[in-house]
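According to our numbering, the sequence shown holds residues 7 to 382 in order.
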Amino acid sequence: MNKTAKIVLAVVLVILVIWGFVSVQNNNSTEPIKIGVPTILSGDFAVAGENIVNAVKIAIEDVNIQGGVNGRQLLMVPEDSKCDSKGGLSAVSKLVNVDGVRYMIGGMCSNGTLAAAPLANEKHALIMTPVTGGKNVDEAGEYIFRIANSDILAGRDIAQAMLKKGYTRVGVISAITEYTLDIKNTFEQVMKSAGATVVISEEFQPGTNDYRTLIGKIKNAKPQAILVLSQLGTDAAKFIKQSRELGLQVPLFTDFTLIVNDNAKKIAGSYEGIYFADPAYGSDTMAQVFFDRYEEVYKIKSAIPFHAASSYDAVMMYVDALRAVGDDSVEVKDWLLANVKNRKGLMGTFSLDSTGNSDLGFVIKQVKGDQFIEVK
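See below:
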């Protein structure tokens, strides 16, 4: 062996020794494993983030009381992502670059998730989003997982419900956001492919206050039913209030955000008769025990049950992966993709596809009094 070869071999051996030492240190560490929670902790929809944080707390308590993960405790690190791109990127950047987090429950709006995705992928930092997501979120990169319901399926399921009711002349109005446009675009595709006519399709900026001109257009188009979509529910509530004042009398369909936002309900006054896409989640004994415990601990019901259920499930998936392969985000990612198949959790039975996205859909319900009645 010549001198150059010996030097190269020596360097390689040193690198291997250092790598092995670091790996052993990582997996033998007694430091807590941090679970970051970038989510909406301020603004009109802070109830969503608080709901997610509460569920993660319960999950982490369940794990830690049983000894943690490979002898290490879990530690939650929440961060306010607000509900915009800047807030999402800022929250994830702080968690990854300052707190050293590699595992996150990303309860952000879609625009926040998309803004943070390049950084998460670059740093091999996993984000499991327990909120709905559409095509862009599903394709945001190998470290972005969507474990809750698909916005694409929301659009499909609302369209199918309208078709079952015989509505073939329909309208849709949507806020200009990643979340709502995913639903709108799929809804229109399904309706048109079924031979129905979308007689009016309009978009508006989030925060719009005056819908009178738009309501006039809808009246002239004479749809049999209308789908109204807004990011946080408040814009849809303003539309509903003004449409009633102006005598627009057609069946209204919407997404779940209108129903769960208390501020929106104060604006709209009443949701009576409105149809909405309710994200499917588990309804068995295991789920009921969790929700009873949630109410006992926090003295309130879970504001958005599927967010809470999927957040709890996300923690437990991380735990199973960490126990199986150790504290290595690349290995954890690969384990999740290979092993989350027909998994039983609070969300029901679900699987992740090859890009880390779940196959959960929606149930269409109608508001009748204080009850939400499933539409068959």
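All C-beta atoms in this analysis are idealised placements derived from N, C-alpha and C, irrespective of residue type, glycine included. Keep in mind that this is a model prediction, so the values were computed, not measured.
Buried/exposed call for residue i, threshold 16 Cβ in 10 Å
| i | result |
| --- | --- |
| N117 | buried |
| I306 | exposed |
| I21 | Here the model assigns I21 a pLDDT of 41, short of 50, so the residue's position is not dependable, and the following value carries that caveat. With fewer than 16 Cβ atoms within 10 Å of its Cβ, I21 is classed as exposed. |
| I232 | buried |
| I71 | exposed |
| E56 | buried |
| E251 | exposed |
| E194 | buried |
| E184 | buried |
| N267 | buried |
| N32 | Only weak support is given to the placement of N32: the predicted model assigns it a pLDDT of 47, under 50, and the question is left unresolved by the model. |
| T45 | buried |
| K228 | exposed |
| R162 | buried |
| S360 | exposed |
| D188 | buried |
Close beta carbons around residue i, own chain, < 7 Å, minus the five adjacent residues each side
| i | result |
| --- | --- |
| P38 | R78, Q79, L80, L81 |
| K339 | L132, E148, Y149 |
| V346 | M323, S357, L358 |
| G275 | K247 |
| V373 | Y277, E278, G279, I280 |
| V381 | A167, Y281, I370, K371, Q372 |
| M292 | L352 |
Residue i, DSSP secondary structure in three states
| i | result |
| --- | --- |
| V43 | strand |
| R108 | coil |
| T361 | coil |
| K371 | strand |
| E209 | strand |
| L233 | strand |
| G118 | helix |
| G94 | helix |
| I310 | coil |
| A181 | strand |
| E85 | strand |
| S316 | helix |
| S156 | strand |
| T174 | coil |
| T203 | strand |
| G161 | helix |
8 Å CB neighbourhood of residue i in its chain, flanking five on each side removed
| i | result |
| --- | --- |
| L19 | At L19, the pLDDT of 43 sits below 50, so the modelled position is not reliable and the matter cannot be decided from this model. |
| L383 | Outside the shown range of the chain, which is 7 to 382, sits residue 383, and nothing can be said about it. |
| S241 | Sequence inspection shows Asp at residue 241; the Ser mentioned does not correspond to that position. Around D241: A181, F210, P212, G213, T214. |
| Y300 | N60, A61, I64, K307, S308, A314 |
Beta-carbon proximity of residue i to residue j, cut-off 8 Å
| i | j | result |
| --- | --- | --- |
| S308 | M353 | no |
| V107 | K40 | yes |
| L328 | V75 | yes |
| V196 | V176 | no |
| G113 | V137 | yes |
| I158 | M134 | no |
| K272 | L254 | no |
| L101 | E85 | yes |
| T186 | A146 | no |
| I164 | I310 | no |
| L366 | N127 | no |
| G42 | D90 | no |
| F368 | D284 | yes |
| I66 | V331 | no |
| A200 | L169 | yes |
| Y287 | F312 | yes |
Element boundaries [beta strand (DSSP E), containing residue i]
| i | result |
| --- | --- |
| R78 | Segment: none, R78 is in no beta strand (DSSP E) and carries neither H nor E. |
| M134 | 132-135 |
| K350 | 349-351 |
| P285 | 281-285 |
| I150 | 150-152 |
| E380 | 377-380 |
First and last residue of the uninterrupted alpha helix (DSSP H) at residue i
| i | result |
| --- | --- |
| F259 | Per DSSP, F259 belongs to no alpha helix (DSSP H); it is in the beta strand (DSSP E), 258-260. |
| Q255 | First-last for Q255: undefined, no H or E at that position. |
| Q195 | 184-199 |
| F356 | Premise fails: F356 lies in the beta strand (DSSP E), 354-356, not in any alpha helix (DSSP H). |
| Q294 | 291-304 |
| E56 | 52-70 |
| N226 | 218-227 |
| G74 | Where G74 is concerned, there is no enclosing alpha helix (DSSP H), given that its DSSP letter is neither H nor E. |
| E337 | 335-345 |
| T263 | 263-266 |
| D141 | Rather than Asp, the amino acid found at residue 141 in this sequence is Lys. Run containing K141: 141-144, per the alpha helix (DSSP H) assignment. |
Any C-beta of chain B under 8 Å from that of residue i
| i | result |
| --- | --- |
| D290 | In the structure shown, chain B cannot be found, because there is only a single protein chain. |
Residues near residue i in its chain [Cβ-Cβ closer than 6 Å; skip 5 each side]
| i | result |
| --- | --- |
| Y217 | F245, Q248 |
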